[in-house]
Every structure is written in structure tokens, then in C-alpha cells.
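Protein chains in written order, with this note's numbering: chain A, 2 to 501; chain B, 12 to 393; chain C, 12 to 334; chain D, 297 to 639.
Right, one structure below, let's go through it.
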Ligand SMILES: Nc1ncnc2c1ncn2[C@@H]1O[C@H](COP(=O)(O)OP(=O)(O)OP(=O)(O)O)[C@@H](O)[C@H]1O
Ligand SMILES: Nc1ncnc2c1ncn2[C@@H]1O[C@H](COP(=O)(O)OP(=O)(O)OP(=O)(O)O)[C@@H](O)[C@H]1O
Ligand SMILES: [Mg+2]
Ligand SMILES: [Mg+2]
């Protein structure tokens, strides 16, 4: 970093932050230089988001100081940070669900320039300009709560870029985005960087990280473990720095042996507007990958399997018995489990304890005579799963809100494994999950499949599909367009068919 | 950083988990709401006992507190259940009055023709009365679950409807008459403790068990904590909501039985002041009005606290308005205290943790695995 | 055992001197003009007699709070509790308990209550209703349509006044007609105003209004005034001078009826004092309080005595009262 | 745009963001039904009468709307309204002085704002649930009013107020229909609040806070300050409501208004505001109030005995809110499918 002798725009020294029993940050220091993209890397729960939230005044540190242009800022608040030119794309977006996209984009800008009146006529063109600059199609008049996760993420990005930032934090801005959107975003990032903006970029997609960053800081369990020029790192070495160990990403697929009767049979499933004529099956122990571009209908297919959507025609049978369409209960009692895409709102009870979350789906089976819960059986289930999934938390009584992404996802998995499902459907199981956790989650799935469970996994992450799936289906515009069997599975070819 | 071998880590983790699971199981009921209410109860009691011992420590006074607590307490428990699902039930008092009116009407109707029969059918009459409460609960459940009306509005409307029915039914008059066995129960004591109070404790224990020890109760909590995740976990909101509002209707009916037990009369307008009071009690007792968290024990204690303060105020000759000021101050005071305590504790834990960590040479994965029982409730910022 | 069982007052039977007596008057609700006025009577009585007398009441007029207050008073073992119940029947049990403890119970506005030593009424409710009706009939020329307002359909005395008036009208004034069942105003002047307006629109020939809650006639008067019907519509009913005054002066209320709560409060306490010192209340007892100089026993009850304390005010004498 | 497309965008606009359209239709249908049932209903007299009875509830409902949009529920506004109005009249009475209507207004608003500040400070500073805090302060304010300020019914208002009591904006003497002058200040307040909510950063901030408080904080809104100002504003508006109530009643009774909280909240939510915060409009609220008053004040005309009124109001509430709930449910289902179509 010494190659430029420019003064850092922002510097943090010895930041400490403790939540309850968890040390999120343990004396972290970092400095940002104008015109450089600084990558903050680390596993789930290593403290990346916390550091960002402290710098942007959302959280107050227990110790340490923040300097902007060499001047110490005491009592940082979001408003002061914004006025100092700090813009943040938060991991959870922090949008207003009840307001329109346009308002979401321009409101923070209007606050920062201390406007008293809200000028509707000015707000739209302002928002439109940034949407166009990013080459997006966003309905500016739609309420944010009606948007898909990807569109929300795009809205959050537009919001941060609409103002002239001096320092831009991007906390996992690409998790829900497609390749082309990511590419355009990176284009803009480069433009900003040329304009002298200091940018902090957080992502678990390590190849992305290496693509855009100049500097890298690696956190592990709240401590700074490595820092330096990005050119000195490869995906491998970065992974080692993050996890403290080597992570294996080679293809490791369970052997299915001889094909018997299928576990799940989907036949001619149809839901106009979402998908048409979907037929496939799943063998016991098989891990089936489904992929396709965002909005291709792949999510809707599995939502129909789980009963969240009601298909207009077609049948789904599990072990030969037909499911009642559109009934979650029927799917669950047939032995289907579903790990949803949006784990924070759909998968978890954030304020409830880990223990409560783990048994949330299997309460009836933990009751004697379906009436009284067996404390003993519950304790067994919880401790077994807590151990088996290696959930990192101070205790099972800790609320799930205090967990990082990867650990939270393990809790969702635990909830379904507690129901002893025959089929587990996972929608983006490793989105926002760090490399170490990701491999552990894949290992858990392989183990479960080895015991006879059928797994359906939706993912954007092609290498991940390659590393675990027996078979991969590709969805395009609501139809199954290709099927890759074990030997044919290869990242390059899948990507080609997807994008075609 | 040294990488721990799988075995030793797993073994360690295992024993730790056994411990934490055990503490979790035993601590799960000792939640917020209980401790502070216990403290408040003792303080209030001691204060009035000192200020006016002759009146306040009079056994009669204590007995009276135990006689008046149950009807409010049962309604507060019902309110707690509704709040647990993130809802509210404003119609409880109207339901109780409908039950009381049913009982009184049936009894006086029968007594006219055959007094002995009326007495012997006392149990049946009471059951019919409670059934009316359950029916009212069913209507609430239908509006909230099937039609999808927000609970506060649905029960606001049914409060007026049930009350209107009661007025039309009674012509606005106060009905007199209830099975004598009820009145006898209302007056009897066991070892100096009024039977009504024992009944209240039984109801509290049953509901406490229902909430914590049955799949239904746990589903209620989860539904209140996050309805979407509950749906994705296969919890049917319809069955939770129907179960909840049927139970609140049942408890409302039970409160109505207590109304006629304490006093063999029934009218459309008895207990209207309880509607907001029971919300206060439920929250004082640690119920999160947003849903998901509640303790029945806390609610029982909160009921007693308010009863004690009220009769204490009377004993030291303060007016009802001064009591209503005090009630407001206690409510805000308790909540503010909770907030401050929460803030202080996180800071305290923070500093010790930092010290611990600093003193540890090996800051590894286990650093944040130190068992910490305070972690459970220190994050409840709601 | 039973609740409150085994207790029992210590001062049964023996006559006390006034200085040793404590008495509490429990009213329907505190903080309203009517009972503020009663409190003046209570305090006056305390001063004059030497009895430790005070008034209590809940912050709203709900029966359950009154039960609670009386229940809390019992352990304090006052010599007497005098009560103006919101719902007499709802108090039976707790008053019984009080009497079991040897506390003297005197009630007011609660004819028919069982667990009171004496119930003292300013007048006979039926007769009072009839009195209002006589005045109304006189004003309307003994013919025409009229309606009756009550504070609440659950307010017993209001309903008795309404019934008394209706009986009188049916017996004496066949050309008059009550066109609606009693109208509920929720003791709210605005509701009375609103209802009166609707009724005037619905019945263009309406000739008379009878009000029961203190605020009823004021609300009716505003509607009548607005419609410019001061001279053609008769408005009468229970109210207190301070509320009715300005409408009496402009003619939108024709007559208001009431009794003085201060005197009623005193009369209750006086009766309690007499009982506590071993005396009896009988036909003709003189309490030495205006309107209660010669009590009459009410037929059909064994503990109800009535005074002759009804007061009529019109524009001419309204200034004689200061509450 | 094709016709079909235009219809598709037109329909939701007619329904309104908060179901205002549905509400308007319900009101129109009710008016038609009532006019058919009772010929004396459809008159200017009835219209003015309903407008008059809606004045105070509208002001109070606007105050409640602000709180509800910000994600709270207030049950103390009635206590604040009567506290401010009664105290003002009481002081004028005791001091035998009449500061003029503007002085009275300012004084009452100041009292309302101070009480609102208590609410806001406790709620914002300690982040406590608003329903519970205002439940507590309601008892406190009312207790203080009746114990320390006064409980007497005041029959004679200061002259400046009494003068307004009978002042009319429109007076049709032939049918004895009067529209009180106080319609003007009520309309002004309604319009100012509507403008503030839509066109000021403060107004948008209230929506933002109601939508997601933490997001509002992160976006730089001074959440604590906004909440405190909001509750002070609510207190001041409630005080004006109390004052108007007192003026229309021509007397000051400290027992008034308190007890109508739930009815006002019901009207606001009937008007499309979400009790979860972030949604609600002034137009919808006014329509909600009008609907409730329409029902309240017409049952007698239609021959419904008063004994049945409470039940009838409850039933209509169920029907009104039920229609909204069902249509919202259908709408959410429809958008879901549309979403997937676009996907
Ligand atoms: N509000 C909170 N209360 C309690 N603990 C928290 C809170 N926020 C974060 N933590 C804890 O602090 C640690 C760091 O979390 P943080 O969100 O910063 O991780 P991260 O590096 O951003 O992870 P991810 O990649 O999953 O987003 C985690 O262990 C988490 O459990
Ligand atoms: N008062 C306002 N109302 C609505 N939108 C606004 C308002 N102020 C700013 N915006 C929006 O936010 C965007 C960025 O705001 P910013 O203050 O940076 O703009 P600006 O053009 O620099 O304004 P100004 O020239 O007034 O400082 C604007 O393009 C506009 O869309
Ligand atoms: Mg993060
Ligand atoms: Mg006249």
C-alpha cells in the first residue's frame, strides 16, 4: 500500500464490538485510500458487516476510533456518516418496504442535503438517471415490498450510487444478481474508483473479489488475520486465510448404485406464467441440481413441490402417493422439507432461540401422544443436530438473530433434518454463506443423501452444483431445457446452456 | 492458528451442549417478567405493610386480594394468549358478560318452574355458559383467521356486537340469580385461601403448560414470532389462530362464571374497565405485544402486583385517580427499567468478555463458545 | 371456611360516640360535579358531627371498581359504609360481607337492595318520574308526541324514572304518546344533542323531551335551540343547575329536576350515625336535613325510606343554587 | 398502452393505495340504501348534521393517523385533548380573562404539545411499545387533570369561544340547516397534514419510520427527533380537537372525549391505515370517520332501536373491514401470479 502516499480518507483503529457473548470485532484496524477498491473478506460471522455498521454509525463500538480525513469522529451517527460522504449498501438492504422504488432511491440523498420539502417532481428523474446509468429495468413506482429479492438489491445499489459518495461500502451487493448485472455493477465500480471514491467490497464469491479489488483485509472471528495487496492472493490462498484451513472444492458425488423405484415423480406440472410441462423424478439418495437464470421459473417449480404454489395441472407423487396440490401440510407429511431462499424472513424465527428454531418443524413428532412435548426427546434432537451441523453459538438458548449467515442457514437445515425428511429441497442453500461453511453444508447434504434422502438443490453457483450433484436440470423460461447426467456434468457446458 | 482435531472438539462440544441444553430446559420458564414482577410485588407489599399495617396486613385484606385477582387474572391470561400470536382480544369482557347473562337467564328461567331442578342442573348451566364463550371465540377466530381481519379490529367489532347482544337480551337491566352452588364456591376457602384463587392458579398452570409443553403452545409462540416462517415450517396459521381464540373465548367464559360466582348478577356493562387493564397486566407480566413471547407466571404476578397496589392505595386513603396515575407510572417505570437494565447488562458483559478474551492466549473458534446464559434474553430489545 | 368468615365486628351493638366513628361514602364516580357536590355534604357532616367521614369513588362509573373499593374498605373496619351504587345488584355480595363484619351499610339510589341496613331515597323514583311527566304534560297541553332519554339502558334509576313517567302518561294523559323506547345517550351531551336532532327530523310534530342523565337536557336544548323550536318543544328532565342554567335562561330547557346531592350525602351519613348509636329509623324520623325532615317508608320494601327532597328549577329560581 | 393495459393501471388507482375507493363505494351504497329507506335522510340538513358530528372525530383521527403511520398506536390522545381544552378554559375562567381565540388556541396547543412530548420522549428515547406507553400516560394525564386541575363542569365558556359556538359558515334558515364555522379550521388542518405527509421530508420520514425504523435511521433520518416532534404535533392536534369539542358543546366537561379512543382508531383503520405502520392516507381517514358517523347518526332515522345500535355498529365494522381484508387477500394473490408472469 505504500506505493501511493496519498492520505487515507478513512481509518479505523482498534475497533472492538461485543454482542452478548459474541465478540464480533476484536481490535480491528483498517485504512481506506481514495480510488481503491478494498475487499473485506472473511467467513460468516467474522465481523465484516459489524465493522461496516460501526463505521456508518449504525452500531456504536465498545472501543476504538474512527478517523475521517485524519480527524477523529466521536459519536458517529448514520446522518453524520452520510454527510461525511459515506454510502453503504447494507447486507439486508435496509429499504423502506412501504415506499416506492423512486422514493427509496432518493430519500437518503434528500436528507443528506438537508432538504425540508420532498419534491416529487425532482425525485423521479433523479432515480431514473441512476437506474439508466446502471442499465436496469426497475419499476420506479412499485412498492419495494412487492419486489423480488434481486430487484431489492438493485434498488439498494441505486440508492447508494445516486449520491456522490467519497467512501462506498458494499456489503455483499451481488448475492441475488445475475452475471450481466454483476458485470454492469463492476463497470460502475471502476468508474467511481477512477473518480477517486474509496470503495469497500464484501462478497463470498471469491473470484469476484479478486476481480475487482486492489487491497484485501481478511477477518477471522473478529480479528484481522491478513491484509495486503489483492494481487498477492489467489482463491486458494484467500480461502486459507479466511478459514485457517484448506477447503476442498473438487467433485465428490455419492454413488447411487442401481436405480430403483423413484422417490419423487413430477409429471406434467403446469402453472401458466411460471412454468410449463415440468416432468422429472428423483431417486432415493440422489442429489438433483436445478439451475437457470434468475426469473427462469426454477424457484416456482420447487415452491409448487412444497405446496407454496398451486399448479394448475400435473401431478407430484412421493413413493407413489400423490400430493394434494398447493398444500404445504400434505407435502410435509409426505416427507418433503424446504429450505427457502429468504432464510431471514421465511426460514427463521429470529427472536427465538436456536433450540426453538430447530424443533419448529417437528413439534408434533416430539410429543407423547401428540399432546405433551417430551423434553427429553427435544433435548436429544437439539443436541444431536447442534453437534452434527456444528452450529457456532454460545448456547442453544441464544436467539438466532445473533447468528451469522452460515450459522443461521445451518439452523434452517437442522429444523428440516429434525423432521427426518425423505426429500429435502433447498433454494440457494449457500447464498451469503462463506467458503468454510459452504463446504460443511455440502458435506451435511452428502451425508444425508447417503442415508437415502433425496435432495433437490437450486443454485446459481455452478461449481457448487458440479461438486455435489448426481444430476443437473436446467430451466429456461419456465421449461426444462436440458438434463446433465453424472459424467456430463461440467461447469463450462452448464453455463453455456443456461445463458443460451 | 492450530486446528483442533475433530474428536477432541466434538467431545468438548458435546458435553458443553449437554449442559447448555439442560440449562436451557430449566431456564426457559424463568423469563423476563417474572423476576421484576416478583421484586415489585415484594416492594409493594412491604411498602403498604409499613404504611398501614393494621389494615393492610389484616387477613381479610389479603383474602380479598385473592378473591378479586382471579377474574382479572384469567382475562389477563387470555389476553396474553392472544398477544402471544401477535394479536389482541378486546372482546374478552363482552364474552364474559354474555356467559354470565346466559347462566343467569337459564337459572332464573328454571328456578321459576322447579328450584330443585335448577340447582341440580347447575353444572350443566355453567357448561352452557362456557360454551357460549367458546362460540364467541369461534366467531373471533373465523373473522381473524378465515376472513383475515386484523385482530384488534375484529375483536373491537365483536366487542361491540357481543355487548350489543347483551344489551338487547337484558334490556339493559342487571339480571339477578345464579346457581347457589356457585355462590357457595365463591365464598369458600381452603386453609384460608379462597377457592377462587386456587382455581385461578389451576387455570394459570394449565395455560402455562399448554403454552410451553404442548406442540400447540409452541406453534402459537412461533406463529407470533414470525408468521411467514411458521407457514414455511408447516405450521397452519388457521389451526393456531382457531385454537388460540377458542381458548381465549373459553377463558372469557370462565371469567364470566367467576363474575356470577362472586356475585349472582349479570349485566351487559360489568367489567368494562377491565378491557384496557388486562392489556396493562399482560405487558407488565412480560408479554411482548408484538407476539412470540409471554410468561403466564409473570402475568399472574403482575395481576397480584396491581391488586396489592390498588388495595394499598385504598388503605392509605389515596383516590382512584391517584391510583390510575400510579398504575401508569409503574407501567412506564418497569418498561424503562427493563430497557436500562438491558443496556447496562450488555455493556457489563461486553467488558468482562473483552477482558476474558484478552487474557486468553489462544483466541480460536472456541472463544465465542463460552457458555453464556445471559445471552438468551439480552438480545430482546423489543 | 368461607371468605371473611370467622371475623365479625368488635363493635356490634354497643353505642359509639361520634368521635370514635369512621364512615366512608362510596360514590359512583369521582370527579364529576354531582359527586363533588355530594362530597361537600360529606365534609360538612364530618365537621358538624365530629365523625371521621370521607368520600371515595372510582375513576369511572363501573360496578366492578365499586366492588373493589368496598372490598378494600372492609379490612379497614369503618363504622359505616354509605354507597351510591352504579349497579345495586352487583354490590349485594360485597355489602353482605361488609355487614357480616359488623359494618353498617346505608345506600342511596338503590331501592330494592337487600344488603343494606337502610336505603334512603330523595324521593320515590316512580313518583319523581310522574312528577316530571305532569310538568311535561302541562307544558305540551296534555297532548302530542314525546321521547325519553336515559344515560344508559343499564342505568336502573334512569329506567325507573322513564317507566314512572310513562305509567303516569298512560294513566293520565292518553293524548300523549311516547314514540320511541328510551334513547341511550351514554351520559354524553354530544350524543344527546345528536339524537335529539335526528328525532326532530324524524318526528316533525315532536312536542316533548324527557332527559335523565344530567347532560341529556343540555344536549337536547342545543338541538332545540338550533332548530328554533324553543317555544314549541318542551324540554324537561333531571339535571343540575350549573349545567341547565344557561338553557333555562334562554328557554330551551323548560324545567330541570334534581335533588341536592350534598343533602343526600349528609342524610346517608346521618342515618348511619343514628344506627351506630343504637337508634332506629322509622316512619316519620327527622334527620334534621332539609327535605329529609320526615321520612316515609316505601311500600313493598322493608329497608327503603324516602324523603321529599325533589327540587324543580326553572329560569326564575335557578340562581338560588351554586352547583 | 393498450386499452386493457390502461384498465389494469386504472383499476388500482381507483381503488387507491389504501382502499379509499372501496370505502367511498361503501359510503355511497349506504347513502343510497338509507335514502331509499328513509326519505328524510337525503337532505342538506342530514349532510350538515353529519359533517358537524364528524368534525371532532376527524381532527382526533388525523392525530391518530400520524401515530399509526409511524408504526404506533396512541390511546392517550383523548386524554390529551380534554386535558388541554379543559385546562385552558379552566384557567381563563379562574383568571377571569379572555386572551382571545388565538391566545386560547396557542395555549391549548402548547399544553397538548407538552403532553405529547412526554409520550414522544418516553417512546423514542427508550424505544417502548407505543400502545403500552400511551395506555400508561392516558391514566396519568387523566388523573392529573381530575386530581390537580379540576373536575367541575364549566358551563360558561370565555366569550371568544362562546362566540364561535354558534357561528355558522352556511346557514339555511328555511330548513334549519347550519354548517358551523369550525368546519374551516378542521378543513385547514386536514389539508395541512395531508400536504405535510406527502410533500415534506418530515412527512416522508414518518412513513419511512413506520415502514422500517432501523432502515430510516440508517438512511439518516433523525428518528428520535422526528418521533418526538411527531408526538408533540399529535398532542397539539388533539388539543385543537378538544378545543373544538368544547366550543361545539358550549361547555367544558373533564369527563368528555375519553372513552372514544377505540372508535377513533377503528375509523382510522377503516380508512385504510395499517396498524403495522407505514400506510395510511388523510383522505382514507376522513372517509373512515364519515362512514362511522354516517352509521352512528342514521340508525335512529332508519328505525333501529338504540338497544341495537352498538351491535349494528359492530356488525358494520365487521362488514367494512371484512371487505377490505378479503379484497386485500385477493389482491395479494393476484400480484403473486403477476409477479411470476413477469419473471
Ligand atoms: N445485533 C447482534 N446481536 C448479537 N450478535 C450479533 C449481532 N450482530 C452481529 N452479531 C454477531 O457478531 C458476529 C459478526 O457478525 P457479522 O454480521 O458482522 O458477520 P459477517 O462477517 O458480516 O458475516 P456474514 O458473511 O454471514 O454476513 C456474528 O457472530 C454474529 O452472530
Ligand atoms: N427535496 C427533494 N425531494 C425529492 N427528491 C430529492 C430532493 N432533493 C434531492 N432529491 C433527489 O436526490 C437526488 C440526489 O440529491 P442531491 O441533493 O445530491 O441532488 P442535487 O442535484 O445535488 O441537489 P441540490 O442541487 O439541491 O443540492 C436528486 O437528483 C433528486 O432526485
Ligand atoms: Mg455480513
Ligand atoms: Mg321550550
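Every residue, glycine too, gets a C-beta built ideally from N, C-alpha and C.
These numbers were taken from a predicted model, which means no experiment stands behind them.
Check: Among residues of its own chain, excluding the 5 on either side of residue 454 of chain A, which ones have a beta-carbon nearer than 8 Å to its beta-carbon?; Outcome: 285, 286, 422, 423, 424 and 425
Check: Using a Cβ-Cβ cutoff of less than 7 Å, which residues in the same chain neighbour residue 300 of chain A once the five nearest sequence positions on both sides are dropped?; Outcome: 342, 428 and 459
Check: For residue 433 of chain A, verify whether its CB is less than 8 Å away from any heavy atom of ligand 1.; Outcome: yes
Check: Start and end of the beta strand (DSSP E) containing residue 40 of chain A?; Outcome: 38-43
Check: In chain order, what residues of the same chain lie with their CB nearer than 7 Å to the CB of residue 587 of chain D, ignoring the 5 residues before and after it?; Outcome: 319, 322, 323, 566 and 616
Check: Got a sec: is the Cβ-Cβ distance from residue 563 of chain D to anything in chain C below 9 Å?; Outcome: no
Check: Should residue 71 of chain B and residue 112 of chain C be called a contact, given that it needs their Cβ atoms to be closer than 9 Å?; Outcome: yes
Check: Could you tell me which uninterrupted alpha helix (DSSP H) segments, each at least 4 residues in length, are contained entirely in the stretch 54-136 of chain C, listed from first to last along the chain?; Outcome: 74-84 and 99-111
Check: Enumerate in chain order the residues of its own chain whose CB-to-CB distance from residue 233 of chain B is below 8 Å, with the five nearest sequence positions on each side excluded.; Outcome: 240, 241, 244, 246 and 303
Check: Hey, does residue 298 of chain C have any beta-carbon neighbour from chain B nearer than 9 Å?; Outcome: no
Check: Quick one, which of B:81, B:293, B:207 and B:120 has its alpha-carbon nearest residue 45 of chain B's?; Outcome: B:293
Check: Would you say the beta carbon of residue 209 of chain A is closer than 8 Å to some non-hydrogen atom of ligand 1?; Outcome: no
Check: Start and end of the alpha helix (DSSP H) containing residue 286 of chain B?; Outcome: 285-295
Check: Tell me whether residue 316 of chain D is buried or exposed, calling it buried when 16 or more other Cβ atoms sit within 10 Å of its Cβ.; Outcome: buried
Check: Start and end of the alpha helix (DSSP H) containing residue 438 of chain D?; Outcome: 426-440
Check: What distance in whole Å lies between the Cβ atoms of residue 258 of chain C and residue 232 of chain C, which are believed to be in contact at a cut-off of 8 Å?; Outcome: 4 Å
Check: Note the first and the last residue of the continuous beta strand (DSSP E) segment covering residue 200 of chain A.; Outcome: 199-203
Check: If the criterion is Cβ atoms closer than 9 Å, does the pair residue 286 of chain C and residue 121 of chain C meet it?; Outcome: no
Check: Show which residues of chain B have a CB atom less than 9 Å away from the CB atom of residue 104 of chain C.; Outcome: 194, 197, 198, 273, 274, 275 and 276
Check: Would you give the residue range spanned by the beta strand (DSSP E) that residue 157 of chain C belongs to?; Outcome: 155-161
Check: So is residue 74 of chain B buried or exposed if we call it buried at 16+ other beta carbons inside 10 Å?; Outcome: buried
Check: Find the residues of chain D that neighbour residue 290 of chain B, judging by a C-beta separation of less than 7 Å, and give them in chain order.; Outcome: 431
Check: Give, in chain order, every residue of the stretch 238-254 of chain C whose Cβ lies closer than 7 Å to some Cβ of chain D.; Outcome: 238, 239, 253 and 254
Check: On a Cα-Cα basis, can you pick out the residue from B:213, B:252, B:209 and B:212 that is closest to residue 228 of chain B?; Outcome: B:252
Check: Return yes when the Cβ of residue 597 of chain D is within less than 9 Å of the Cβ of residue 342 of chain D, no when it is not.; Outcome: yes
Check: Use the C-beta contact count for residue 343 of chain C: other C-beta atoms within 10 angstroms, 16 or more gives buried, fewer gives exposed.; Outcome: There is no way to answer for residue 343 of chain C, as the model of chain C reaches only from 12 to 334.
Check: Are the stretch 548-562 of chain D and the stretch 390-408 of chain D touching by the rule of at least three beta carbon pairs closer than 8 Å?; Outcome: no
Check: Output needed for residue 442 of chain A: all residues of its chain with C-beta closer than 8 Å, excluding positions within five of it in sequence on either side, in chain order.; Outcome: 407, 410, 411, 414, 430, 431 and 434
Check: The stretch 403-428 of chain D: which residues have C-beta closer than 8 Å to a C-beta of chain C, in chain order?; Outcome: none
Check: When you compare the CB of residue 439 of chain A with every CB in chain B, is at least one pair closer than 9 Å?; Outcome: no
Check: Is residue 115 of chain C close to chain B, meaning its C-beta is less than 9 Å from at least one C-beta of that chain?; Outcome: no
Check: Should the stretch 131-140 of chain A be regarded as contacting the stretch 61-81 of chain A, the criterion being three or more beta carbon pairs within less than 8 Å?; Outcome: no
Check: Per DSSP, what are the beta-bridge partners of residue 464 of chain D in this structure?; Outcome: D:476
Check: Check the C-beta distance from residue 32 of chain C over to residue 62 of chain C and give it rounded, since I have them as a contact under 8 Å.; Outcome: 5 Å
Check: Quick check on residue 370 of chain B: buried or exposed, where buried means 16 or more other Cβ atoms within 10 Å of its Cβ?; Outcome: Model confidence at residue 370 of chain B stands at a pLDDT of 28, short of 50, so the residue's coordinates are unreliable and nothing is read from them.
Check: Hey, is residue 73 of chain C's beta-carbon within less than 9 Å of any beta-carbon in chain B?; Outcome: yes
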